[in-house]
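Protein sequences appear in the order of chains B and U.
Counting from 1 along the first sequence, just add 15 to a position and that's the residue number in the numbering used here.
So in the numbering used here, spot 10 of the second sequence is number 8, and the numbers just go up one at a time.
Each residue gets a CB set at the ideal place from its N, CA and C atoms; glycine is no exception.
For reference, the structure discussed in these notes is given below.
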Amino acid sequence: MTNRRSLNLKLILSVLAAFLLSLAFSWFLHDRLSERDAYALIDRTFDNVQDELADCVNERLVLVCMAAREQLEDGHPDDPASMQKLARELRVTEVSIADEKGDIVRSSVDDYLARPGRPAFNFAATDDKVANEMMGLVDGRYTEYCQPFRSNPANGNWRKFVGVWRHAGGFFEIGCDAKALQSLARSTCVDLFRNWHVGGTGGIVVTTPSGLVLSDYEEPNREGTQFQEPDGDFFYWKCKEIESFPVYVMIPKGSAAVQRDVLVGSTALLNGVALVFVALLVGFVISAFVRQQMRAQAAKEMKMATDIQLSALPNVFPPFPDETRFDIWASMETAKEVGGDFYDFYFIGKDRLLFLVADVSGKGVPAAMFMMRAKTLLKGAEQTGKPIAQAFEEVNDALSEGNSSCTFVTAWAGELNTRTGHVTFVNAGHNPPVVLRGGKAELLKSRPSLALGAMSGIRYRTGEMWLKPGDEIYLYTDGIVEQPDESGNLYGEERMLKALSDTSRHGKDVLDAVLADVRRYAADVEQADDCTQLLIRYRGEPDVVTREYAPTMEDLARATDDLAAALKPVPAKAKNKLLVAADEIFANIVRYSGATRWSLSVVLTHNPEGVRLVISDDGKPFDPLIHRDPDTTLSAAEREAGGLGILIVKKTMSPVTYRRRNGNNILTIGKDYGD
Amino acid sequence: MTIAVSGRVDTVTAPELEASLNFGDATCVVIDLAGVPYMSSAGLRLLLASHKKMLAKGGELQIANAQEAVREVLDITGFSGILNLV
C-alpha cells in the first residue's frame, strides 16, 4: 500500500510540474506575442498620426495662406517690411509671392529676392524637387500645395511651405518654422489626439520640441507642463517627430497583456481540466491494473492454499495396498477454494485404524487455517496410540486455549480393530454416521459430547460397536444433509439414507452417487457448505496361503498349479483372468528379474469375495505401473510381442499396486468378484 | 488344415504348442481354440508368429472358437484387429 501511495504522489507531482511548465511556456509565448503586437500597433498608429496630423496642419495652413492671398490681392502693400508685418499678423514665418515663371517677386525674406548680381529664387529652376512641385500652382495642376515640414535645401532652415494660386498668375506662399507651425496647429492637435485611444487604454501624447505637453490622452489638465518620457517597465512606447511635433504613442503593458492574460488563463484552465482528466484516467488505469494483479495474485495464492489443504489429506486410494481386511474411500468438496472440513485415517498401532471426519465452524480461509491446526493436533495426539477420548480431551484443551475467534470443530472419530471389527468412537458434536448392513442404512445415534475448542476441561464419552464382515460405516459433514434447495428446504438425513441404501454401488461410486444426489436436489442453488464423506467397508479376516519358489521353469509350473488349486472356490471367469495375469508376472520374474527367489501369497478376501495375489521377488527394481504400454493399433507386420503381459495385467486386474521394500519388488494384483 | 488346441496356453505350455504347430505346405490354417480356457501373452506370441509366417507365404491363418477369457485378452492387446477371428 505504501508503494501505491507514493506512486500516486509521484503521479500528482509530475502532473503538477507538467502543468506549471506548460503554463510558464504559454505565458512566455504570449508575453512575446503581446509585445510584438503592441509595437506593431504603435507603428500603425504612427502611420495614421502622420496622415491625420499632416492633413490637419495642411488644412489649417492652406486657410492661412488663403488669408494672405486675400489681403495681398485686396491691396495690402507688398514691400518687404509690409510683407514681414503681414507674416507676423498671420503668425507665420515667411510670406512670398512668385510670378508665373516661378521667380519670387515679393517676399518677407530678402534673400529670396533678386539683387544686383543675383537672380531671385526660382521654383522651376531649382534642383529641389519638392520646390519644383510648387509650379503645379502655375500650370493649373494644383490650386493649393503643401510641402512636408523639412529642412529647406536652399538655406538649411526647417520650414513647412504651403502655396495657393494667384489670380494674376503665379502663386502665394507661406513658410512656417516649428514654432509657428505649432502655434497654428496647436488647437487642432489637441482636438485630434485627445480622444485617440491606442489598444484599449493606450494613447498619444504630443509635446512641443522643448517637451511641454500639447495633448495628453490621459490627463488633459497636464497640458503645458513638462512631459516625462514613459517608464519602459510599465509602457510599450515610441516617440517620433511628426510635422515638427514630438509624438509619443504609448500602451500600458497591463493593457497590452490583457489578451495574454486571457489566453494564458484559458490555456491554464483547459490544461488544468485536461491534466486532471488525464491524471484521473491514468490513476484509474493504474489502479485497475494493480487491482487486477492483486486479484490474480490472490487467486494464485488461493489455488496454492487449495492444493496445500488437499495434499494435507490422504488422497491416494487405495491408501493401504496390502490391506485386505477393509476398504476405505473418502472425498472432500469445498464450497469455496479452501474449506473447514477434513477427513483423516491412519494406523495408530497394529490392527488399529483410526478414521475421522471433522467440520470447523465457518468457511473459507479462517476455517481452513483452524482446520489445518485441528488436523495436526488430532494426528499428533492420536498417533501416540492413546484412547481416542483422551486424545480428544488434549486436543480440546489445546484448541480452547486462547481461542479468541470462538471457532470450534465438530468431529466423529472411530478406531477400528481390523482383526475383530470392533469400533470405539468419540462424537464431538458431529452428525451421527451411517451404518450400512445387509442393504439397510441406519444412523449410528449416540449422545454427542461438546465440539472441540468450545470449552476446555471437557470429558469425552466413548461409544463402541461391532462391524461384521461386509458392514460399512459412512461418515459425512453437514454440507451433505444441510444443502438447501431453491425453496430453502434441506436435503436431510432421509434422502441421504435412501441414496446410501442402493446396494448396486460400491466404494467410491457410493460417495459420488450421494454427492450427485445432493447436487440434483440443490439444482441451481450453489453449494452451501463443504461436503466431506468417508466410507469404510469391513471385510474381515482373509484366507492366506504363501509359498516360496526358485526362479526356474519347474517352479513356475509348480506355482501355477498351486495358484490354480488355491483359486478353486473362485468362479471360472475371475479365475481365468487371475491365472493369465499371474502367468505374465511369473514369466517376467523367472526370465528377466534376476531374482534368486520369489514368493506368491494368495489372499482370499471376503465381504465381498475377492482375491489378492501378493507376488514378491528379490530381483532388480521393476515397477510395471510406470512401464509404457505397447501401441495396440499397429498392423500385424509392425507388432512386436513384447510388453503385452503387463498391459493384460493392468487391464484385467484391480487393484494393481507396486512397492519396493527391503530389496524386494512387491506387486499386489487382485479382483473382487463378489459384488 | 485345422489344428485343435486344448488346455491352457501359458508360459509353461507354450513351448509344447509351438513345437506342434507345423503347417507344412498348407495355405489356409485354422487354429481351433474351443478347448482353451485361457491364454497368456506367451500364446499370443505364437499366434502372431504363425500369422506372420502364413502372410509371408501368401497363405491365411484363422482363429476359431476363441473362448471368453481368450477373446478378452485378444481384445485388450489389439490382436483381434490383426488376426482373422472366425
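Query                                                                                                                                                        : Result
If G625/B sits next to G689/B, beta carbons under 8 Å apart, how far is it from one beta carbon to the other, in whole angstroms?                            : 6 Å
Is L659/B close to chain U, meaning its C-beta is less than 9 Å from at least one C-beta of that chain?                                                      : yes
Who are the neighbours of V663/B on chain U, taking C-beta pairs under 8 Å?                                                                                  : What sits at residue 663/B in the sequence shown is Ile, not Val. The answer, in chain order, is S38, S39, V71, I74, T75.
Closer than 9 Å by beta-carbon distance: list the chain U residues that pair up with T567/B, in chain order.                                                 : Within 9 Å Cβ-Cβ: nothing; T567/B doesn't reach chain U, min ~11 Å.
Strictly under 9 Å for the Cβ-Cβ distance: is S650/B near chain U by that measure?                                                                           : yes
What residues from chain B crowd round T25/U, counting only those whose CB sits closer than 7 Å?                                                             : Those within 7 Å of T25/U in chain B number zero; the least Cβ separation is about 17 Å.
On the criterion of 16 or more Cβ atoms from any shown chain inside 10 Å, does C191/B qualify as buried, or is it exposed?                                   : buried
Give a yes or no on whether the C-beta atoms belonging to T75/U and M52/U are separated by under 9 Å.                                                        : no
In whole angstroms, what is the alpha-carbon distance linking R174/B and F164/B?                                                                             : 5 Å
Determine whether the Cβ of I80/U lies closer than 9 Å to any Cβ atom of chain B.                                                                            : yes
Between N167/B, E408/B, R59/B, which lies nearest to E109/B when the distance is taken from Cα to Cα?                                                        : N167/B
Please check the pair L490/B and V372/B, which I expect to be a contact at CB under 8 Å, by giving their CB distance rounded to whole angstroms.             : 4 Å
Once DSSP output is grouped into helix, strand and coil, what is the label at M480/B?                                                                        : strand
Would G436/B be called buried (16 or more neighbouring beta carbons within 10 Å of its own) or exposed?                                                      : buried
Between L594/B and chain U, is the shortest Cβ-Cβ distance under 9 Å, so that the two count as touching?                                                     : yes
What does I571/B touch in chain U if you count any residue whose Cβ is under 8 Å from its own?                                                               : According to the sequence displayed, residue 571/B carries Leu and not Ile. T9, V10, listed in chain order.
For H437/B, is the beta carbon positioned less than 8 Å from some heavy atom of the ligand HEM?                                                              : By its list of ligands, the structure shown contains no ligand whatsoever, and the ligand HEM lies outside what it can speak to.
Do A572/B and K590/B come within 9 Å of each other at the CB atom, strictly closer than that value?                                                          : no
Restricting to Cα atoms, I'd like to know which of G354/B, L290/B, L458/B is closest to A327/B.                                                              : G354/B
Any C-beta of chain U sitting closer than 9 Å to the C-beta of N591/B?                                                                                       : yes
What residue from V441/B, K483/B, P448/B has the CA that sits closest to S464/B's CA?                                                                        : V441/B
Thinking C-alpha only, which one of A537/B, E352/B, A39/B is nearest M317/B?                                                                                 : E352/B
How is the beta strand (DSSP E) around T620/B delimited, first residue to last?                                                                              : 613 to 620
Can you tell me the Cβ-Cβ gap for E487/B and L550/B, rounded? I've got them flagged as a contact below 8 Å.                                                  : 6 Å
From the DSSP output, in three-state form, read off I61/U for me.                                                                                            : strand
Just the chain U side, please: which residues come within less than 7 Å of E602/B by C-beta, in chain order?                                                 : Here residue 602/B is Ala; the residue named in the question, Glu, does not match the sequence. Those within 7 Å of A602/B in chain U are T9, A40.
Between S439/B and the rest of its own chain, which residues show a CB-CB distance below 6 Å, the 5 nearest in sequence each way excluded?                   : First, the amino acid is wrong: residue 439/B is Thr here, not Ser. These residues qualify, in order along the chain: E430, T477, E479.
If you drop the 5 nearest sequence neighbours on each side, which residues of the same chain put their C-beta closer than 8 Å to that of M16/B?              : Per-residue confidence for M16/B stands at a pLDDT of 47, beneath the threshold of 50, marking its modelled position as unreliable; the derived number appears in the next sentence. Correct list: empty, nothing qualifies.
Quick one: what's got a C-beta closer than 7 Å to R627/B's C-beta in the same chain, skipping five residues either side?                                     : T339, V618, T620, T683, G685
Of all the beta strand (DSSP E) runs that stay within the bounds of the stretch 543 to 570 of chain B, which reach a length of 3 or more residues?           : 546 to 553, 558 to 564
So what's D632/B in DSSP terms, helix, strand or just coil?                                                                                                  : strand
By a C-beta neighbour count over all protein chains shown, 10 Å radius and 16 as the cutoff for buried, is M98/B buried or exposed?                          : buried
Suppose the cutoff is 6 Å on Cβ atoms and the five residues either side in sequence are ignored; what does the same chain contact list for V262/B look like? : V64, V221, K255
Using a C-beta cutoff of 9 Å, does V605/B count as contacting chain A?                                                                                       : Looking at the structure shown, chain A is missing, and the protein chains on hand are B and U.
Using 9 Å as the limit for Cβ to Cβ distance, is K686/B near chain U?                                                                                        : no
May I ask which residues mark the beginning and end of the alpha helix (DSSP H) holding T391/B?                                                              : 379 to 397
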